[in-house]
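Sequential numbering from 706 applies to the sequence shown in my numbering. Each residue gets a CB set at the ideal place from its N, CA and C atoms; glycine is no exception. All of these numbers come straight from a predicted model, not from anything done at the bench. What follows is a set of notes on a single structure, which appears directly below.
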Amino acid sequence: MGCSHSTNKLCNKKDKDKMVSPLDKISIGEFLGKGQFGEVYQITCIEKINNSCKENNQYAMKICSKKKINFYIDNEKCYLSKIKNENIIKCHHTFTIKNNIYFILDLYKFDMYKYLDQYHDNTEANTKIIIRNILRPLIYLRNKYYVHLDVKPENFLVRNIDEKDFVLTDLGTVHKIPISNKNGIKHHCNNIYKQKVLCGTEHYASPESFRGYFSEKSDIWSIGQITFILLTNHMIKNEPNMDDFDVSDYLNKFPLEKESHKFIKKCMRVSISQRMSYKKILNHPWLQESIFSNI
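Here's what the structure looks like:
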């Protein structure tokens, strides 16, 4: 009974006779979602796979076709094994069978968008809590010299509804920030670097991302967009000519608190040098920075 759904094709009797596949040790249940490169299902381990995937425990399993393997899937496999943090999705096991690569991950059934649709609690106070919480994994990444480059509500999974606690997922777009360049000049927060492949999602991606570049502040632009969405139920559309972009044209249409207006504006500066750094975000009065004293 371990193999069900579409995995029946992968588990033939000849393979079983040779060795026990991890797919023989799981039962596939509810379909959780589909992305550009794979599908995600809820699974139950009917036998222990390893010390992390234990019998009777439930997980999420992401199935990606090897025919579609590219930078994003290889990148996700790399960084899921490298990056370990309580606020970032945990990978318990990765394996490849025939034409598919499988990721067994922590199970979270819905993301920030589904949470907002269900609870409609986009008040100023709740928004502050959510932004504080989703900043935690991004600050961790920055401290390790990484940027995510696809920060959006769909990539934050709900861990605890009451505490508005989220876990960052989808590490396929992660880029390493060079600590120094070829000339030995050390990294600066306003430096800009070439992306290995184009990363980001329209309306969440920073202006430099649209041009194929990134900085350590690229994810901060996305935080500004998420904050605006949480407060207004509207989205700021990226302008065709981002050099002339001024987020105030959008902010002035809504009765936002003065400090939240300032916070979003400083996150969404086109000029990287004028955009807030993480250090300034932590000291911004709108977020009541004392919450980060233990980071």
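Would you call residue i buried or exposed, if buried means 16 or more other Cβ atoms sit within 10 Å of its Cβ?
i	result
C682	In the structure as shown, the chain starts at 706 and stops at 1000, and residue 682 therefore has no counterpart that could be examined.
T801	exposed
F861	buried
G743	buried
S711	Here the model assigns S711 a pLDDT of 48, short of 50, so the residue's position is not dependable, and the following value carries that caveat. Exposed: under 16 other Cβ atoms inside 10 Å.
F959	exposed
C758	buried
M981	buried
N775	exposed
V725	exposed
K869	buried
N988	exposed
V902	exposed
Does the distance from the CB of residue i to the CB of residue j come in under 8 Å?
i	j	result
K857	T906	yes
P842	I890	no
I941	V952	yes
I897	C972	no
L854	T878	yes
N943	H908	yes
N947	P990	The residue asked about is misnamed: residue 947 is Met in this sequence, not Asn. Cβ distance not < 8 Å, so M947 and P990 don't count as in contact.
K833	L956	no
N838	F871	yes
Y818	E859	yes
P883	H893	no
Only counting the same chain, and skipping five residues up and downstream in sequence, which positions put a Cβ closer than 8 Å to that of residue i?
i	result
K881	Y850 and Y851
T799	K782, L785, S786, I806, Y807, F808 and I809
K985	K971
K753	K730, K759 and E760
Looking at the secondary structure, which residues open and close the beta strand (DSSP E) in which residue i lies?
i	result
I778	Looking at the DSSP string, I778 is not in any beta strand (DSSP E); the run it does join, the alpha helix (DSSP H), is F776 to K787.
S770	Q763 to S770
E744	G743 to C750
I need the boundaries of the alpha helix (DSSP H) containing residue i, first residue and last residue.
i	result
F736	Premise fails: F736 lies in the beta strand (DSSP E), I731 to K739, not in any alpha helix (DSSP H).
E791	First-last for E791: undefined, no H or E at that position.
S914	P912 to F915
Excluding the 5 residues flanking residue i on each side, which residues of the same chain have their C-beta closer than 7 Å to its C-beta?
i	result
N827	L821, L935, L936 and N938
Q747	G734, E735, L737, Q763, A765 and L812
N790	P842 and Y845
N848	none
Y777	F742, G877 and T878
D720	Legend: pLDDT at D720 = 49, less than 50; position of this residue unreliable, value from coordinates given subsequently. Contacts found: S726.
N804	S770, K771 and K772
Here's a check: name, in chain order, each residue in its chain whose Cβ is nearer than 6 Å to the Cβ of residue i, leaving out the five neighbours to either side.
i	result
I977	N895, S920 and K922
G929	I969, C972 and M973
S927	V856 and Y909
Y983	I844 and R847
Problem set entry | Any alpha helix (DSSP H) of 4 or more consecutive residues that is wholly inside the region 921-987 | The qualifying runs are 923-937, 953-956, 963-972 and 983-987.
Exercise. For the region 802-875, which segments carrying the alpha helix (DSSP H) assignment without a break, of at least 4 residues, lie completely within its bounds, in sequence order?
Worked result: 817-824 and 829-848
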